[in-house]
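J.:
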Amino acid sequence: MEMVTSFVYPPPPSILLNTMSVVGLVSLAKVGWSEVRGIHLKYSKFNNNKTSSSSSSPQPQKLPLGSFSSRTGMLLLYTPAFLAAASSFFVLPSDDLRFLLLKSALALHFFKRIFEVMFIHKYSGEMAIDSALTITTSYFSSTALLLYSQNFTLGLPEPGFDLKPLGIVMFVVGIVGNLYHHVLLAKLRNEDGTKEYKIPKGGLFETIICPHYLFEILVFWSFFMVSQTIYSFSFAMGTTFYLVGRSYATRSWYLSKFDDFPKHIKALIPFVF
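Letter by letter, the sequence shown follows residues 9 to 281 in my numbering.
1) Would you please state the rounded distance, in angstroms, between the beta carbons of residue 51 and residue 135? I believe it to be under 8 Å.
2) To the nearest angstrom, report how far apart residue 27 and residue 152 are at their CA atoms.
3) Is the stretch 26-45 touching the stretch 88-105 in the sense that three or more CB pairs, one from each, lie closer than 8 Å?
4) Does the pairing of the stretch 127-134 with the stretch 72-90 give three or more beta-carbon distances under 8 Å?
5) Are residue 262 and residue 225 touching if we call contact CB-CB under 8 Å?
6) Here's the rule I'm using: 16 or more other beta-carbon atoms within 10 Å means buried, otherwise exposed. How should residue 39 be labelled?
7) Just mark residue 120 as buried or exposed, buried being the case when its beta carbon has 16 or more other beta carbons within 10 Å.
8) Determine the contact status of residue 274 and residue 237, defining contact as a CB-CB distance below 8 Å.
9) Secondary structure at residue 134, three-state DSSP: helix, strand or coil?
10) Given 8 Å as the limit, is there contact between the stretch 81-98 and the stretch 145-164, that is, 3 or more CB pairs closer than that?
11) Does DSSP put residue 65 in a helix, a strand or coil?
12) Do residue 14 and residue 242 have their C-beta atoms closer together than 8 Å?
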């Protein structure tokens, strides 16, 4: 316990937070394992209702029942979490540096995602409503609980090891790397005026198929390093499990769709996995 408290604040006196630390981690790990097994959250290339990208039909496709456009779905995913982070400056006012950094990092991360949805990403399909609601609820509740958990640290002694500086560096690297590879994906789908999927190129796409997931994992671990709470650790670990599973499924999808997919390209970690 002494070693643990060198890196994190003591467990908060909250049954809700302590329970959600366990439930959130187990739930995200389970979803990640489901991705590996081929049971996917229905968005992007894994939406079972999505019209095949190879379809040559010139007629506009109607959205299936139980789904809406990917752009609308993605906005739904990120907007509530952004509003929760932005409102925390007023709902939970504090001049504590660690708290201010966490609020700012969460707000900036979700603002960036909304910006990408509006001005960078290219969409050609739809998102299942049940998957959108699941992810939206997860992002919103996790953001609120991250902030709520941090509120319990006010006035407590700092952990023995201050991870804030490393967290700031990791956040900048993660958010810039994630944005850069999202821009590469958007440019790829604009090359010939179509929105069909192609094998991504450039940046870390030359070695892994999901560099945007790798940098997103860095962002979520930066939240932990800035906050150093048990809940933020649980959420970062759970998100890692999910994105590991999703990246594995993504590589499998490319292998099944493209005969010329380079076999040396891994899922998430260059030359390893």
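The beta carbon of each residue, even a glycine, is placed where N, CA and C say it ideally should be.
Nothing here was measured: the structure is a model prediction, and the numbers come from that model.
T.: Short version:
1) 4 Å
2) 15 Å
3) no
4) yes
5) no
6) buried
7) buried
8) no
9) strand
10) yes
11) Reliability fails at residue 65, whose pLDDT of 38 lies under 50, so the model's placement of it is uncertain and the value that follows must be treated cautiously. Coil, per DSSP.
12) no
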